[in-house]
Structure formats: structure tokens, C-alpha cells
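This report concerns only the one structure given below.
Residue numbers (the numbering used here): 41 to 228.
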């Protein structure tokens, strides 16, 4: 049996947490994930070697911690190899967020790779990344795209905006992600 003082304390903590606990979906998602992408796929020597090559040539991956297609890209590498990738977090709520870097690079959707000065939008197979980066090592990649993507990763930002970011230039059109995600409509 709880003592009255202890019961009073527990009830007080409970009600205070209810009062202070309300937050936006983005904040909830950030708390649940810590603002990072985590996967359970394991890296083999091939994935690690490709990640080391991409690191060596200073390739960059722009993405957001809540993005389902960024999750797919991480899954292909596996958690160990992906730690080697120079990943730029574009979501202001993400860990080590750099939204100004993404804006300066004119990133319009996630994920986007920057390799040797060229941009590649959407999830890239590891074979394709090897080809476009000039990687000549082991290509016996193990991981396939995930069948089930956890519910915390989504095709839309926590704010409800699609993966494609608003264009700064209203005359340009957003690029199409390979998976045919909904594009943001342009208004005049």
C-alpha cells in the first residue's frame, strides 16, 4: 500500500506531466527517435567499403530524420556503414540540424545525394551509387529495400508538407523523386 505522501507525490507528477506534456507531432517524433534515423540492417564489408569510398570523395547525403525514403537509403547501407556517410540533416528538429546548408544547396526533396558536384534525388541503389561515384571495390551488397518501414518514418514532413521542399524560384518546377511521391503544387 502506498503511503499518502508518496501517492500525493505520484499524482502530482502525473498531472504536471499531463499539463507540460502536450507537444507538436514533430516534437513527439523527435523525442521518440532522438532526431536520427536508426535501422536494424547489418552492414557487410561491401557496404562499409562503399561508405568509406563515398566518405573519401566527400559525397553528401541531404535528408530528414522523419523521411521514409531516407530510412530506405540508410537501410541499404546498414547502420554500421551509414555512420561513415556525410549526412546533412535538413529538418530543423533533427539532431545536428543544418537547414541553412540544405537551403544553400537548393535541396528540393529527400533524400538527395551530392556526388562529385552533381545532385541525385531519391533513393539510390548501392550499385548505382558505386557507378556514379567511380567506386571499383566489392559490390556484393547484401541489403535490399526494406519491406516494412516503421510508422515513425513518413512521406510527409511532420508539418504535413510533402518531401519536396518549396522552391525559392516560383518559375522552376520541383524535381520528381523516383518513387512518384506527391509533388508540391506551384502557385502563381
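Each residue gets a CB set at the ideal place from its N, CA and C atoms; glycine is no exception. Everything numeric in this text was worked out from a predicted model, so none of it was measured.
request  = Taking all protein chains shown into account, decide if residue 83 is buried (16 or more other Cβ within 10 angstroms of its Cβ) or exposed.
outcome  = Label assigned to residue 83: buried.
query = Do residue 178 and residue 116 have their C-beta atoms closer together than 8 Å?
reply = One thing to note: residue 178 has its Cβ no nearer than 8 Å to the Cβ of residue 116.
query = Is the distance from the Cβ of residue 101 to the Cβ of residue 113 below 8 Å?
reply = With respect to residue 113, residue 101 sits close: the two C-beta atoms are nearer than 8 Å.
inquiry  = Rounded to whole angstroms, what is the Cα-Cα separation between residue 157 and residue 80?
reply    = Using only the alpha carbons, I get a separation of about 31 Å.
query = Do residue 121 and residue 88 come within 8 Å of each other at the CB atom, strictly closer than that value?
reply = Here residue 88 is near residue 121, since their CB atoms are less than 8 Å apart.
query = Does DSSP put residue 161 in a helix, in a strand, or in coil?
reply = Three-state DSSP puts residue 161 in a strand.
key: residue 135 in three-state terms, based on DSSP   = Residue 135 falls in the coil class under three-state DSSP.
key: Sheet register partners of residue 101 (DSSP bridge)   = Residue 101 is bridged by DSSP to 127, 153.
ask   = Mind checking residue 85: buried by the 16 CB within 10 Å criterion, or exposed?
value = Residue 85 should be labelled exposed.
query = Among 170, 76, 165, which residue has its Cα nearest to the Cα of residue 104?
reply = Out of 170, 76, 165, 76 has the C-alpha closest to the C-alpha of residue 104.
query = With contact counted as at least three CB pairs below 8 Å, one residue from each stretch, are the segment 122–130 and the segment 140–156 in contact?
reply = Touching, yes, given that three or more Cβ pairs across the two stretches are closer than 8 Å.
ask   = Mind checking whether residue 97 and residue 173 have CB atoms under 8 Å apart?
value = Taking 8 Å as the cut-off, the beta carbon of residue 97 is found closer than this to the beta carbon of residue 173.
query = Should residue 175 and residue 90 be called a contact, given that it needs their Cβ atoms to be closer than 8 Å?
reply = Yes, Cβ-Cβ distance for residue 175 and residue 90 is below 8 Å.
Spatial neighbours of residue 163 in its chain, beta-carbon cut-off 6 Å, leaving aside the 5 residues before and after = Cβ within range, chain order: 109, 112, 113.
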